[in-house]
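This report concerns only the one structure given below.
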Amino acid sequence: MCGRFASVSRKEIENRFQVGVSEQVFLANYNVAPTSILPIISFENEAFTVRGMKWGLVPAFAQDISVGVKMLNARAESLHEKAAFRGLIASQRCLVPADGFYEFETRGKQKYPVRFLPKNEEMCSLGGLFSIWKQPQKENEWLYTFTIITTEPNELVKPIHDRMPLMFNALQEKEWLNPDRKNYADLTDLLQPFPASEMKCYPVSPLLNSVKNNGADLWKLYMRDANLFDLGG
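Offset between the sequence shown (1-based) and our numbering: plus 189.
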């Protein structure tokens, strides 16, 4: 399950993908939660494209938008088996620009968030699929939604959670959106956990537990909260 992560700055997205990011689809967010609308990258007309999409995939055949909250994530191992996802593999893959992700360790009655990010602290992207849904009774109005793919955890994430988001560096991003890769079998080399050796993690403030809290202070507080638990214990 990937249920919370941090977005990156407009400048980082624009520099990485050579696209313009509208302020209408971007707000800096250190505590991204389900149903958020985010700038999502796809490859259309032989170029990277950015579009605001809602987190929680609504399949084109869905009768109701509410199914989106049940499709926040898609398991990498069964993408080709699920009706909601298999039709999207060929041409509706996407990237979710991120500054890492969070998982939560439960100790007693308290949940302690842990931030996972690339060791070099550069932006990464989470791999996903997107769908286009016709809004009922609204002529020519379409809703773009996405899901984040998850894999088995690497050795760094495993002590905290049994799943992790599909995560890419800059080179892998291009391959994930490569239009020549059309089938599930063409993508299996990319549907793997990000190497633990290229990641790091640390505990952050429990304030992150509430989606009402946001801002860079959620990261800055980690030194004060680091003594609350030992990741290796």
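All residues carry an ideal CB built from backbone N, CA and C; glycine is no exception.
*Which whole runs of the beta strand (DSSP E) in the stretch 215 to 301 are 3 residues long or more, in chain order?*
226 to 233, 236 to 244, 262 to 264, 282 to 287 and 290 to 296
*Taking C-beta to C-beta, are asparagine 220 and asparagine 403 nearer than 8 Å?*
The answer is yes: Cβ separation under 8 Å.
*Using the Cα positions of proline 382 and cysteine 390, report the straight-line distance between them to the nearest angstrom.*
15 Å
*Please go through the same chain and pick out, in chain order, the residues whose beta-carbon is closer than 7 Å to the beta-carbon of glutamine 207, but skip the five residues on each side of it.*
Phe237
*How many angstroms separate the CA atom of glutamate 364 from the CA atom of arginine 370?*
C-alpha separation (whole angstroms): 8 Å.
*Which one of Asn372, Asn367, Arg193 and Ser314 has the shortest CA to CA distance from isoleucine 278?*
Asn372
*How should tryptophan 331 be labelled, buried or exposed, when 16 other C-beta atoms within 10 angstroms of its C-beta is the threshold for buried?*
exposed
*Given 8 Å, three or more beta-carbon pairs between the stretch 246 to 261 and the stretch 301 to 308*: no
*Taking the alpha-carbon positions, what's the serine 386 to aspartate 378 distance?*
Straight through space, the alpha carbons of aspartate 378 and serine 386 are spaced by roughly 18 Å.
*Which term fits alanine 405, buried or exposed, when burial requires 16 or more other beta carbons within 10 angstroms of its beta carbon?*
exposed
*Using CA coordinates, which residue listed in Gln299, Gly317, Val210 and Arg199 is at the minimum distance from serine 394?*
Gln299
*Which residue spans inside the stretch 331 to 356 form an unbroken beta strand (DSSP E) run of at least 3?*
331 to 340
*asked:* Does threonine 224 pass the burial test, meaning 16 or more other C-beta atoms within 10 Å, or should it be called exposed?
replied: exposed
*Alpha carbon to alpha carbon, how far is valine 256 from leucine 345?*
In a straight line, the C-alpha of valine 256 is about 32 Å away from that of leucine 345.
*If you run the structure through DSSP and keep just helix, strand and coil, what is arginine 205?*
helix
*CB-CB under 6 Å to glutamate 201, same chain, minus the five flanking residues each way: which ones, in chain order?*
Met312
*Considering only C-alpha positions, which residue in the set Ala265, Trp244, Arg264 and Ser196 is nearest to valine 258?*
Trp244
*What do you get for glycine 316, buried or exposed, if any count of 16 or more other CB atoms within 10 angstroms of its CB means buried?*
buried
*Who are proline 307's beta bridge partners in DSSP?*
Paired residue(s): Met388.
*asked:* Looking at leucine 366: is its Cβ nearer than 8 Å to the Cβ of leucine 284?
replied: With contacts defined by Cβ atoms closer than 8 Å, leucine 366 and leucine 284 form a contacting pair.
*Just how far apart, CA to CA, sit methionine 242 and threonine 339?*
19 Å
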